[in-house]
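As numbered in mature numbering (1 follows the signal peptide of the UniProt record, and there is no 0), residues -23 to -1, 1 to 159 make up the sequence shown, in order.
Shown next, in structure tokens, is the structure this report addresses.
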Amino acid sequence: MSMVLKALVLGLLFGLLAKETLAASCPTILNSTQRALNSTNDINLCEQFQGKVLLVVNTASQCGFTGQFEQLEQLHNQFKDQGFSVVGFPSNDFNQDRGSEENTAKVCFLDFGVTFPMMARSSVKGQQANPVFFEIAKQSGVSPKWNFYKYLIDKNGAVVGVFSSGISPTDTKITQMIEKQL
């Protein structure tokens, strides 16, 4: 076997092993694939977010707190170059994200200029909760009581902060905890 072919085979083998190691070391909270909002694209949460600090938020497009998208975007832009991301999960669990997913996307992306990752609409509470929110509730003991509950996830996939709807995303309680985790 030629040296080039041996190198190629070894490279492929190491690549496969690295991928298996990544999957094996993926925190439970990120060990799923979610569809992006109003898209057919799937996002492997481990590949996209492992090792990052996250603020995971259950959102709704027709809620009194929908204006928090502006502060979430501001927060995302403030820390995104330091290994941080806001991740939104639209949900109709509180009957405030009715209508089409296309309408939800319009509110997020056009009306509020959201650039942080938004997942497809899903349930965020109870036994029907998507895998991320199921694990959030398991770790923190706190399921969302309303829209725009915010959960700070550290680089290892542990929930280290829970913030209710009434706390602004740019509140110093949140920003200081993010800075501490970065």
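For each residue, glycine too, the CB sits at the ideal point set by N, CA and C.
Would you check if the distance between the CB atom of L129 and the CB atom of G143 is smaller than 8 Å? No, these two residues do not count as a Cβ contact at 8 Å.
How long is the line joining the alpha carbons of V91 and A114, rounded to whole angstroms? 26 Å
Measuring alpha carbon to alpha carbon, tell me which residue in S62, Q39, P108 is nearest L49. That would be S62, whose Cα lies nearest to the Cα of L49.
Can you give the Cα-Cα distance for R98 and V136, rounded to whole angstroms? So the alpha carbons of these two residues sit roughly 22 Å apart.
Leaving out the 5 sequence neighbours to the left and right, which residues in its chain are closer than 8 Å to G60 when beta-carbon positions are compared? Taken in chain order, the residues that qualify are G28, K29, V30, K132, L159.
The segment 68 to 78 / the segment 110 to 126 touching (three or more Cβ pairs under 8 Å): yes
Looking at the structure shown, is T149 part of a helix, part of a strand, or coil, going by DSSP? helix
Given that a residue counts as buried once 16 or more other Cβ atoms are within 10 Å of its Cβ, and exposed if not, what is E112? buried
Considering only the alpha carbon of each residue, which of T10, S77, C3 lies closest to S38? S77
What does the alpha-carbon distance come out to for the pair V34 and S2? 24 Å
Alpha helix (DSSP H) containing V109: first to last residue? 108 to 117
If we require 3 or more residues per run, which beta strand (DSSP E) segments fall completely within the segment 3 to 50? Segments of the beta strand (DSSP E) lying fully in the segment 3 to 50: 10 to 12, 19 to 21, 30 to 36.
If you drop the 5 nearest sequence neighbours on each side, which residues of the same chain put their C-beta closer than 7 Å to that of S9? Excluding residues within five positions, the ones whose Cβ falls inside 7 Å are L22, P108, V109.
Note the first and the last residue of the continuous beta strand (DSSP E) segment covering V139. 136 to 140
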